[in-house]
Amino acid sequence: MEAFYLDLLRSCTALPHVAAVHAHIARAHPTASLFLRNSLLAAYCRLGVGAPLHAARLIDEMPRRNAVSYNLLISSYSRAGLPGRALETFARARAAAGLRVDRFTYAAALAACSRALDLRTGKAVHAMTVLDGLGNGVFLSNSLASMYASCGEMGEARRVFDAAEEHDDVSWNSLLSGYVRAGAREETLKVFSLMCHHGLGWNSFALGSIIKCCASGSDVGRHIAEAVHGCVVKAGLDADLFLASAMIDMYAKRGALTNAVALFKSVPDPNVIVFNAMIAGFCRDEAAVGKEVSREALSLYSEMQSRGMQPSEFTFSSILRACNLAGEFGFGKQIHGQVLKHSFHDDDYIGSALIDLYSDSGCMEDGYRCFRSLPKQDIVTWTSMISGCVQNELFEKALRLFQESICYGLKPDLFTMSSVMNACASLAVARTGEQIQCLAIKYGFNRFTAMGNSFIHMCARSGDVDAVTRRFQEMESRDVVSWSAVISSHAQHGCARDALRIFNEMMNAKVAPNEVTFLNVLTACSHGGLVDDGLRYYEIMKNEYGLSPTIKHVTCVVDLLGRAGRLADAEAFIRDSAFHDDAVVWRSLLASCRIHGDMERGQLVADQIMDLEPTSSASYVILYNMYLDAGELSLASKTRDLMKERGVKKEPGLSWIELRSGVHSFVAGDKSHPESNAIYKKLAEMLSKIEKLANTDNASTGSDGISSSEQNLVGCHSEKIAVAFGMIHLPQSAPIRVMKNLRVCRDCHSTMKLISGSENREIILRDGIRFHHFRGGSCSCGDYW
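Start counting the sequence shown at 1; every next residue gets the next number (the UniProt record's numbering).
Shown next, in the form of structure tokens:
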């Protein structure tokens with residue numbers, strides 16, 4: 001009769017079936033043997049979800065139990081991800097009267113310790129095995145070594161291995177995989193060498209582990225990776241699809257894409273895992289692969305479909321990344337349809353890849369819908385969404401999403417923190433940035449160089465150059481980004497000599513500058529009027545460091561020469577450069593023509609710019625203001641009419657200021673703010689005071705405006721409104737920090753100098769070009785802007 005029940009239990013695959021057999025045994029055979037009851041217990045434990053609950057009830061009902069009973073329940077709890085319950089059951093088994101636990105009981109308990117990473121309990125179980133005289137047997141020594149390796153204690157794992165009376169394949173493989181997980185590449189290679197010496201290294205598991213070691217280790221030589229490939233071939237395992245995919249991944253990670261492709265083509269009948277490895281290999285390193293290489297991944301995906309293969313989650317996440325790298329956003333949307341068809345839209349990694357795809361293509365609404373449709377949003381998907389917002393200049397939305405993720409109890413990672421800090425930098429909201437920095441310290445990210453760089457960038461964009469210097473000096477390690485950021489900060493704040501001093505310190509520290517570093521140095525020279533220094537550093541960049549000038553470097557040199565009045569030299573420099581057909585460099589010369597009143601050259605330059613870029617409003621605005629400065633009102637009017645005729649619209653000026661209550665934004669003549677009456681009253685008071693202290697006729701008649709109605713708003717430009725608002729709410733000792741999206745006009749610049757003197761207040765104004773620090777009636781730029 002027991003044989004009949006045993007056959008029934010072996011065939012049961014669902015809870016109702018096992019429960020039915022259980023009920024029949026309980027009714028027909030209330031005194032069933034311990035063997036039959038353990039078989040019923042094993043059937044419950046095989047069910048997976050909900051198994052431990054039913055198994056625990058059964059074991060409580062059993063009149064007798066032995067070690068097998070408890071071993072089954074401990075293993076069931078461990079497999080179900082309940083290691084705490086498993087260890088409680090182990091303790092219960094040891095305390096049971098008349099019951100002696102065996103090696104399988106200890107092995108099950110050690111497996112639970114491994115899952116829970118509970119080293120302390122694992123050591124206690126180890127001590128119990130020694131007391132029971134079971135510690136040196138191969139079965140338990142393997143379990144002990146595996147437990148210590150899982151907990152990251154490779155020294156203890158090695159001691160258990162060395163003390164064991166004998167070793168088998170499992171012993172060696174456990175030790176090898178433990179070293180691989182710990183990243184101990186040298187020890188991994190030594191163990192593999194010993195395995196080969198004992199004739200045990202030529203198996204799929206060991207070779208897979210050593211391939212993984214070669215893939216992840218930049219310090220592992222290429223010849224070692226190729227030698228391991230040779231071992232695979234020598235062992236006759238080159239047709240093993242698992243090893244083939246691992247080797248393709250290894251070559252791709254090590255930058256040997258040609259070897260990876262050759263290996264892929266040599267696999268006679270690749271499965272989806274091999275295809276996945278090759279697709280991922282084509283887009284492994286974003287900096288190293290080009291669009292054409294990424295498109296090879298798309299071709300492989302098409303080949304998979306033609307072979308009738310079923311793509312996996314990994315296939316979709318990799319191919320979406322390939323679409324991103326190749327710029328094939330239309331193809332990516334088709335893949336999205338395939339994702340929905342195969343019901344993988346709930347996968348976190350695919351969700352993140354889709355968010356990245358839509359973010360890079362500028363379709364943030366689609367990316368946001370993908371984000372909100374995910375049932376489980378972990379920090380990876382939140383970070384993808386936040387960085388996508390930053391990338392698309394939706395900085396305020398990025399900060400709101402970050403705040404929402406914190407409210408959900410998610411712990412941000414380093415990339416999340418850097419992204420939101422960059423959002424703070426772009427908005428120049430120092431107070432919010434400081435709060436983010438406090439969170440970074442709380443989570444332990446402050447020690448990372450990337451976080452320090454982000455904070456320096458935020459402080460620099462917010463106008464706090466002193467905080468930049470303090471943070472830079474506090475950093476334990478500095479890279480080229482750190483040095484470049486602090487040089488840029490001093491350059492933007494008009495501290496040209498300090499910027500060059502820091503650059504020399506960077507050279508003494510043996511940190512090689514890059515293109516960004518030299519751009520910041522040239523900017524410092526331009527803003528400081530250091531023409532000879534700037535030209536010398538430009539030549540050093542090209543000749544000593546072999547860096548090719550970009551359009552930004554060329555524009556900076558044009559600005560350097562133009563500001564100094566060397567307009568002919570600036571024009572000659574443009575014509576000799578590789579960017580003589582780019583409107584950006586000519587616009588820089590046009591701005592200098594306006595500064596020095598060279599109308600003849602300015603007209604010729606403006607004509608050339610409008611041929612190259614007829615719809616750019618910046619050129620028309622500069623030309624218009626140049627005519628106004630020269631008193632040529634008719635020419636200014638013609639420029640304005642030409643803008644209207646061509647449908648060119650000037651970007652509206654916007655200024656904002658951050659207070660404890662939040663960020664307050666203003667446009668020229670803004671009356672929408674709830675405190676408008678008080679703001680304009682304060683502004684009128686300040687303007688009245690400076691009219692009595694200075695002759696406002698010294699201010700230029702030029703303005704940022706174009707139409708007559710806009711000219712009437714010069715007295716209430718957005719930066720003046722923001723400063724008045726700051727005067728109302730900030731204490732006398734606090735500097736007033738105002739950010740503006742466009743370059744400050746001459747009238748406002750002169751007004752800010754006078755207000756800083758009459759009100760005895762420091763005003764820090766960031767415009768589209770640089771920072772202006774107004775103190776005591778003067779500006780840090782020395783009117784050289």
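From the three backbone atoms N, C-alpha and C, an ideal C-beta is built for every residue, glycine too.
Keep in mind the model is a prediction, meaning the values are calculated, not measured.
Collapsing the DSSP output to three states places GLU658 in a strand.
Under a 10 Å Cβ-count criterion, ASP783 is classified as exposed, with fewer than 16 other Cβ atoms of the shown protein chains found around its own Cβ. Residue nearest to TRP656 within the set VAL339, ALA239, ALA572 and MET739 is MET739 (criterion: CA-CA distance). Shown here for LEU117: same chain residues with a beta carbon closer than 6 Å to its own, the five before and five after excluded, namely CYS151 in chain order. DSSP, read as helix, strand or coil, puts MET195 in helix.
The Cβ atoms of THR188 and LEU176 lie closer than 8 Å to each other. The continuous stretches of beta strand (DSSP E) do not include ARG447, and DSSP gives it neither H nor E.
Less than 8 Å divides the Cβ of MET421 from the Cβ of MET458. In this structure, SER756 is the residue among ALA630, TYR301, SER756 and PHE503 with its C-alpha nearest to the C-alpha of GLY777.
With a cutoff of 8 Å on beta-carbon distance, VAL481 and ASN453 are scored as near each other.
Secondary structure note for ILE763: it is in no alpha helix (DSSP H), and the uninterrupted beta strand (DSSP E) holding it is 763-766. Residue pairing of MET739 in beta bridges, as defined by DSSP: TRP656 and ARG766.
If you draw a 10 Å sphere on the C-beta of ALA23, you find fewer than 16 other C-beta atoms in it, and that means exposed. For HIS772, the enclosing beta strand (DSSP E) covers residues 771-775. For HIS664, DSSP records a beta bridge to ILE657.
Between MET385 and PHE395 a beta carbon distance of about 13 Å is seen, past the 8 Å cut, so the two are scored as non-contacting.
With respect to GLU313, TYR358 sits apart: the two C-beta atoms are not nearer than 8 Å. Proximity to ARG646 across LEU659, LEU654, SER617 and SER637 peaks at SER617, based on C-alpha coordinates. Taking a 10 Å sphere around the C-beta of CYS438, we find fewer than 16 other C-beta atoms and assign the residue as exposed. Closest in C-alpha terms to PRO270, from the list ALA256, VAL261, LEU241 and PHE282, comes LEU241. Counting the other CB atoms within 10 Å of its CB gives SER318 a total of 16 or more, which places it among the buried residues. Sixteen is the threshold: when 16 or more other Cβ atoms of the shown chains lie within 10 Å of the Cβ of SER488, as they do, the residue is buried. For PHE104, the uninterrupted alpha helix (DSSP H) run begins and ends at 103-116, by DSSP. In the three-state DSSP reduction, CYS495 falls in the coil class, being neither helix nor strand.
In the DSSP assignment, SER778 forms a beta bridge with ARG775. Residue state for TRP202 is assigned as coil, using DSSP reduced to three classes. In this chain, the alpha helix (DSSP H) harbouring LEU519 covers 515-528. With fewer than three CB-CB distances shorter than 8 Å, the stretch 741-748 does not count as touching the stretch 669-678. Under the 8 Å Cβ criterion, the stretch 714-730 counts as touching the stretch 747-766, having at least three qualifying pairs. For ILE736 against ILE679, the beta-carbon gap comes to about 13 Å, at or over 8 Å, which does not count as contact. Taking PHE139 as the centre and dropping the five residues before and after it, the same chain places the C-beta of ARG103 and ALA107 closer than 7 Å to its C-beta, in chain order. The beta carbon of GLY529 sits closer than 7 Å to those of ARG563, ALA564 and TYR784, all from its chain and outside the five residues before and after it, given in chain order. DSSP, reduced to helix, strand and coil, places VAL293 within a helical segment of the structure shown.
Sixteen is the threshold: since fewer than 16 other Cβ atoms of the shown chains lie within 10 Å of the Cβ of GLU476, the residue is exposed. Taking all protein chains in view, the Cβ of TYR148 is crowded by 16 or more other Cβ atoms within 10 Å, so the residue is classified as buried. Between the stretch 624-633 and the stretch 659-666, the count of C-beta pairs closer than 8 Å stays below three; the two stretches do not touch.
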